[in-house]
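Start counting at 1 in the sequence shown, then tack on 59, and there's your number in our numbering. Ideal Cβ placement from N, Cα and C applies to all residues, glycine included. Since we're looking at a predicted model, the values are computed, not measured. Notes for the one structure printed next.
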Amino acid sequence: MTTGARKTILPSGRVQPRFAGISTFLRIPHIDDVAPENRPIDWAIYGIPSDAGVTFRPGARFGPRAIRAASQYIKPYLIEQAVHLAEKLSLADAGDSPVSPYSCKQTLEDASLFASRLGDPKHTKLFAIGGDHSIAFANLKATYERRGKPSGGLAIIHFDAHMDTVDEVWGEKWGHASPFRRAIEAGYIDPKSMISIGIRGTLNDPADLNYAKQQGVTLITFDEWRKNGPQLLAAFISKLAKRETYLTFDVDAVDPAFCPGTGTPVAGGFTSAEALAAIRSLRGINLVGADIVEVLPDRDVSEITATFAAQLLAEILGLNA
Ligand SMILES: [Mn+2]
């Protein structure tokens, strides 16, 4: 039983209980089951169940499954954005990419190749669900190539407690401390059109911020966010105009009181309400790809973090709908 002619056919929550059936993200159809009239698919949402790149607590490989389960209760109409996702967008769950659990680099190659084959290469946008933050590189690569390798790279909005621009950790250049350094080096993103929001806490060395600063990344610590962050973000967005923009959200941007299930928690971040409001403020940007990373279900409590990530997924999809 479905709810009628929509771009995404969802089982009715009033007919098929939300606690029953096989879980897909937001109860959207598996990519193979999308009706012909709803192709091309607007967004392919897929998991990259890898935590090969973590530097502290492991377990984010279980993130996609936890977010699928938590997202069963997410309904298609977004109150604050006044958007009906299923009416505006054709959405599909593309399953999980292959991974190589003993190799960060191979996992990134596996995942970007998998993503590059999803949906219509000229139309379908790619939304990756991690996994640790290293997987952002794979989705950025596939998105950049899918958009025709825009000269200068994609603009990027980055929510995180950390910059993730360390050159290497334990001799590994492809771990979750490094994805944006690698993506800048590869030309996938334009550091002068990159904003990192929520940065806070402690560093091994103050020089760890130098690379991002030298590259021209706009950095907003969480303290700065509290003072005038929304205005700084609004100014950044208006400068971007309609430039192709990628959104990457590490749930450790949110305070561990609100997202305890994560691998490298840092006290003193966004509340979940503040983070969702920040995301809604991005409405109308030219979003061409996204990821949500670092949900670690084994450290979660009452699915707090997965519940936040599921809501975040819906809100991000609403931004261009
Ligand atoms: Mn991160």
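Is the Cβ-Cβ distance between residue i and residue j less than 8 Å?
i, j, result
"residue 126", "residue 368", "yes"
"residue 292", "residue 248", "no"
"residue 148", "residue 67", "yes"
"residue 145", "residue 73", "no"
"residue 288", "residue 256", "yes"
"residue 236", "residue 114", "yes"
"residue 177", "residue 167", "no"
"residue 123", "residue 106", "yes"
"residue 84", "residue 104", "yes"
"residue 219", "residue 322", "no"
"residue 338", "residue 374", "yes"
"residue 129", "residue 189", "no"
"residue 234", "residue 112", "yes"
"residue 303", "residue 205", "no"
"residue 365", "residue 328", "no"
"residue 347", "residue 213", "yes"
"residue 224", "residue 271", "yes"
"residue 341", "residue 216", "yes"
"residue 250", "residue 275", "yes"
Got a sec: does ligand 1 put a non-hydrogen atom nearer than 7 Å to the Cβ of residue i?
i, result
"residue 267", "no"
"residue 226", "no"
"residue 231", "no"
"residue 223", "yes"
"residue 219", "yes"
"residue 192", "yes"
"residue 309", "yes"
"residue 283", "no"
"residue 353", "yes"
"residue 89", "no"
"residue 182", "no"
"residue 235", "yes"
Is residue i buried or exposed, if buried means 16 or more other CB atoms sit within 10 Å of its CB?
i, result
"residue 262", "exposed"
"residue 229", "exposed"
"residue 121", "buried"
"residue 370", "buried"
"residue 151", "buried"
"residue 60", "With a pLDDT of 42 at residue 60, under the threshold of 50, the modelled position of this residue cannot be trusted; read the value that follows with caution. Exposed, because fewer than 16 other Cβ atoms sit within 10 Å of the Cβ of residue 60."
"residue 379", "buried"
"residue 353", "buried"
Using the C-alpha atoms, what's the distance from residue j back to residue i?
i, j, result
"residue 245", "residue 252", "15 Å"
"residue 78", "residue 278", "41 Å"
"residue 267", "residue 280", "14 Å"
"residue 159", "residue 286", "43 Å"
"residue 382", "residue 226", "Examination of residue 382 is not possible in this model, given that the chain is present from 60 through 380 alone."
"residue 62", "residue 351", "In this prediction, residue 62 has a pLDDT of 48, which is less than 50 and means its spatial position is unreliable; nothing more can be read from the coordinates."
"residue 297", "residue 305", "15 Å"
"residue 360", "residue 313", "15 Å"
"residue 356", "residue 94", "33 Å"
"residue 243", "residue 131", "36 Å"
"residue 363", "residue 269", "34 Å"
"residue 241", "residue 71", "43 Å"
"residue 161", "residue 316", "31 Å"
"residue 108", "residue 169", "12 Å"
"residue 175", "residue 163", "18 Å"
"residue 335", "residue 97", "29 Å"
"residue 136", "residue 273", "42 Å"
"residue 157", "residue 265", "37 Å"
"residue 179", "residue 358", "37 Å"
"residue 210", "residue 318", "36 Å"
"residue 140", "residue 102", "18 Å"
"residue 307", "residue 69", "26 Å"
"residue 290", "residue 154", "38 Å"
"residue 222", "residue 187", "19 Å"
"residue 311", "residue 133", "22 Å"
Could you spell out the range, first to last residue, of the alpha helix (DSSP H) harbouring residue i?
i, result
"residue 270", "269 to 274"
"residue 169", "163 to 175"
"residue 292", "281 to 299"
"residue 203", "195 to 205"
"residue 103", "From DSSP, residue 103 is part of no alpha helix (DSSP H) but of the beta strand (DSSP E) over 102 to 107."
"residue 144", "144 to 147"
"residue 239", "238 to 245"
Kindly indicate the opening and closing residues of the beta strand (DSSP E) around residue i.
i, result
"residue 255", "248 to 258"
"residue 366", "Unbroken run through residue 366 is the alpha helix (DSSP H), 363 to 377; no beta strand (DSSP E)."
"residue 185", "184 to 189"
"residue 348", "346 to 352"
"residue 153", "150 to 155"
"residue 341", "Looking at the DSSP string, residue 341 is not in any beta strand (DSSP E), and its letter there is neither H nor E."
Please find out if some non-hydrogen atom of ligand 2 comes closer than 7 Å to the beta-carbon of residue i.
i, result
"residue 130", "With respect to ligand 2, the structure shown offers nothing to examine, as its ligands consist of ligand 1."
Using a Cβ-Cβ cut-off of 8 Å, state whether residue i counts as contacting chain C.
i, result
"residue 224", "Although the question refers to chain C, the structure presented lacks it and comprises just one protein chain."
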